[in-house]
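Report on the following structure.
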Amino acid sequence: MTNHLQWIFLLEGVFTIVFALFSLWVLPNTPLDVKNLSQSEREYCQHRLELDAKGSESTKIIPKDILGALRDLSLWILVLTLFCNGASLFGLAYFVPSIVAGFGYSANKTQLYTVPPFAIAFVATIISALIADKYKARGAMAFVATSLSVAGFTVFYTSKTVAARYVSLNMLITGVYATAPCLITWLSNNSAAHTRRATAVALGFMSTNLGGIVSTWIYPKSAAPKYRFAAKFNLALNCFMLLGVVANVVLLRWRNREKVEKREEILAGLEDLDAHEQYEVLGDSHPDFKYTL
Amino acid sequence: MLSIKLVCALASNSISLLKLLKLTHFTAITVTYIPYMAAELLSNLMLKKIGPRLQLPIMMLLWGLVSTCQSQVKSYSGLLACRFFIGLFEGGLFPGLVLYLSGFYRPHELQIRVGLFFCAAALSSAFSGLLAAAIELMEGMRGMHGWQVRKIDPRIQS
Chain A
1 MTNHLQWIFL LEGVFTIVFA LFSLWVLPNT PLDVKNLSQS EREYCQHRLE
51 LDAKGSESTK IIPKDILGAL RDLSLWILVL TLFCNGASLF GLAYFVPSIV
101 AGFGYSANKT QLYTVPPFAI AFVATIISAL IADKYKARGA MAFVATSLSV
151 AGFTVFYTSK TVAARYVSLN MLITGVYATA PCLITWLSNN SAAHTRRATA
201 VALGFMSTNL GGIVSTWIYP KSAAPKYRFA AKFNLALNCF MLLGVVANVV
251 LLRWRNREKV EKREEILAGL EDLDAHEQYE VLGDSHPDFK YTL
Chain H
1001 MLSIKLVCAL ASNSISLLKL LKLTHFTAIT VTYIPYMAAE LLSNLMLKKI
1051 GPRLQLPIMM LLWGLVSTCQ SQVKSYSGLL ACRFFIGLFE GGLFPGLVLY
1101 LSGFYRPHEL QIRVGLFFCA AALSSAFSGL LAAAIELMEG MRGMHGWQVR
1151 KIDPRIQS
């Protein structure tokens, strides 16, 4: 190991330790424990969460609910979509530096040219998140962002000039980056109660990482800088994601309709329980839980 | 001179870093990704029982300690052990934070928080690359090339 790496590991380790100690001191468990809020502010936070039944969720891990989460078709659609997104997202780490290096600039200039696509992606991620939150439309936003990466990979695959490749790089990085938080939030929004949400979020991240492992095989150095196969592969993954997003919206819309029509059927046998207990049993299939589209 | 490869490896992700450390692809994946992914599920299931207030900082603390130890590792098996534990302690952080945030915000307020968090993660890896560049630059200024112990890979010297 060179001393450079030793220094980096040491400094990163020390930063992490210092920040962990700081978090240990300030991190609250729930909004009710936030130190710098007044009592009425805390109660207001708690009240807001109870509007979605979250404030009253039990803290127990219910093994039955882990399996329940695994039987959810919508979860698997999103897990597959996140796998594709993960393969594209982690792949960018190989893809981008070598593409830009292929432009033939000096080392410093090459570094500099990798910055704008990520800066654009940063801004787009924030703006798309604000819009998706405001209109409660995760599916539509994921569709728009993924369409941008589909367009980006298409331009990349067909491009003949360096300029076209650079433009396509901006498009696909923005699309791929903006999609990731949208999908993971969508998964979290539509899984309840706590155990199911914990399982769903973990599975979403696991499949993203699995996609990341796949991406380590599709960028062999011999294929640089055009990466014909990787471009086609990513294009296929992103087209598949568009299908997944549409399928999920259709499925969730149908479920929301079923909940209105078959309210009594869903609640059959649970009439004696109060609303909280019903929610604990049924989770996101409770008739009052409306899926975010 | 900056060794672009080192900077890129740190700025991108752990697999290329592990390649610099001369781990084979298979070892790199089994040793880091498997504990990482196992930790994602296990830590999320434990989060409410232990409480995020304790669990998240303690995972970070342990991972920081292992990373610090890693800087003093002398043997290949030591390095593998460090990577294994870094994966184990780091894995739970991403899903844990998303789950934690979902307990603070209403569903339609969540994506901006998750989005900011993802952006911060991307920035931090860029920071890692900057740190690498800074360390190399400082070494160049002080003319201390002599204290390089041994090179991992002659190709990274540019």
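First to last, the sequence lines map onto chains A and H.
Under this note's numbering, read the first sequence as residues 1 to 293, first letter to last.
Under this note's numbering, read the second sequence as residues 1001 to 1158, first letter to last.
The C-beta atom is built at its ideal place from N, Cα and C for all residues, glycine as well.
With 16 other Cβ atoms within 10 Å as the buried cut-off, status of residue i
| i | result |
| --- | --- |
| residue 22 (chain A) | exposed |
| residue 138 (chain A) | buried |
| residue 280 (chain A) | buried |
| residue 1078 (chain H) | exposed |
| residue 217 (chain A) | exposed |
| residue 125 (chain A) | buried |
| residue 39 (chain A) | exposed |
| residue 119 (chain A) | exposed |
| residue 168 (chain A) | buried |
| residue 108 (chain A) | exposed |
| residue 288 (chain A) | exposed |
| residue 1036 (chain H) | buried |
| residue 179 (chain A) | buried |
| residue 275 (chain A) | exposed |
| residue 158 (chain A) | exposed |
| residue 1024 (chain H) | exposed |
| residue 1105 (chain H) | buried |
| residue 63 (chain A) | exposed |
| residue 96 (chain A) | buried |
| residue 31 (chain A) | buried |
| residue 286 (chain A) | buried |
| residue 33 (chain A) | exposed |
| residue 1031 (chain H) | buried |
| residue 1054 (chain H) | exposed |
Inter-residue spacing [alpha-carbon to alpha-carbon] between residue i and residue j
| i | j | result |
| --- | --- | --- |
| residue 1050 (chain H) | residue 1041 (chain H) | 15 Å |
| residue 99 (chain A) | residue 164 (chain A) | 12 Å |
| residue 1070 (chain H) | residue 1034 (chain H) | 19 Å |
| residue 1101 (chain H) | residue 27 (chain A) | 12 Å |
| residue 146 (chain A) | residue 103 (chain A) | 26 Å |
| residue 193 (chain A) | residue 247 (chain A) | 23 Å |
| residue 14 (chain A) | residue 161 (chain A) | 45 Å |
| residue 1120 (chain H) | residue 272 (chain A) | 47 Å |
| residue 134 (chain A) | residue 1082 (chain H) | 43 Å |
| residue 74 (chain A) | residue 106 (chain A) | 48 Å |
| residue 50 (chain A) | residue 43 (chain A) | 10 Å |
| residue 101 (chain A) | residue 277 (chain A) | 59 Å |
| residue 308 (chain A) | residue 113 (chain A) | The displayed coordinates of chain A run from 1 to 293. Any statement about residue 308 (chain A) would go beyond what the structure contains. |
| residue 172 (chain A) | residue 183 (chain A) | 17 Å |
| residue 1112 (chain H) | residue 1048 (chain H) | 23 Å |
| residue 136 (chain A) | residue 9 (chain A) | 41 Å |
| residue 1138 (chain H) | residue 5 (chain A) | 14 Å |
| residue 1122 (chain H) | residue 70 (chain A) | 30 Å |
| residue 174 (chain A) | residue 1056 (chain H) | 30 Å |
| residue 195 (chain A) | residue 52 (chain A) | 16 Å |
| residue 204 (chain A) | residue 213 (chain A) | 15 Å |
| residue 262 (chain A) | residue 115 (chain A) | 52 Å |
| residue 225 (chain A) | residue 176 (chain A) | 20 Å |
| residue 237 (chain A) | residue 41 (chain A) | 45 Å |
| residue 1028 (chain H) | residue 1080 (chain H) | 9 Å |
| residue 257 (chain A) | residue 240 (chain A) | 26 Å |
| residue 153 (chain A) | residue 87 (chain A) | 14 Å |
| residue 211 (chain A) | residue 1114 (chain H) | 20 Å |
| residue 72 (chain A) | residue 290 (chain A) | 16 Å |
| residue 19 (chain A) | residue 243 (chain A) | 41 Å |
| residue 1064 (chain H) | residue 17 (chain A) | 5 Å |
Continuous alpha helix (DSSP H) stretch holding residue i: start and end
| i | result |
| --- | --- |
| residue 291 (chain A) | Element bounds for residue 291 (chain A): n/a, residue is neither H nor E. |
| residue 254 (chain A) | 228-261 |
| residue 96 (chain A) | 73-101 |
| residue 1056 (chain H) | 1052-1070 |
| residue 225 (chain A) | Per DSSP, residue 225 (chain A) belongs to no alpha helix (DSSP H) and is neither H nor E. |
| residue 1076 (chain H) | 1076-1091 |
| residue 194 (chain A) | 194-215 |
| residue 123 (chain A) | 115-134 |
| residue 43 (chain A) | 39-50 |
| residue 65 (chain A) | 63-70 |
| residue 166 (chain A) | 162-189 |
| residue 150 (chain A) | 138-158 |
Rounded distance between the beta-carbons of residue j and residue i, thought under 8 Å
| i | j | result |
| --- | --- | --- |
| residue 1103 (chain H) | residue 1043 (chain H) | Not confirmed; about 15 Å, so no contact. |
| residue 198 (chain A) | residue 1099 (chain H) | 6 Å |
| residue 1116 (chain H) | residue 11 (chain A) | Not confirmed; about 24 Å, so no contact. |
| residue 1066 (chain H) | residue 1086 (chain H) | 5 Å |
| residue 186 (chain A) | residue 78 (chain A) | 6 Å |
| residue 1084 (chain H) | residue 1059 (chain H) | Wrong, their Cβ atoms sit about 15 Å apart, outside the cutoff. |
Below-7 Å beta-carbon distance, residue i vs any chain D residue
| i | result |
| --- | --- |
| residue 1040 (chain H) | The displayed structure is made up of protein chains A and H, and chain D is not among them. |
The ligand NAD heavy atom lying under 6 Å from the CB of residue i
| i | result |
| --- | --- |
| residue 60 (chain A) | Looking at this structure, you won't find the ligand NAD or any other ligand, since it has none at all. |
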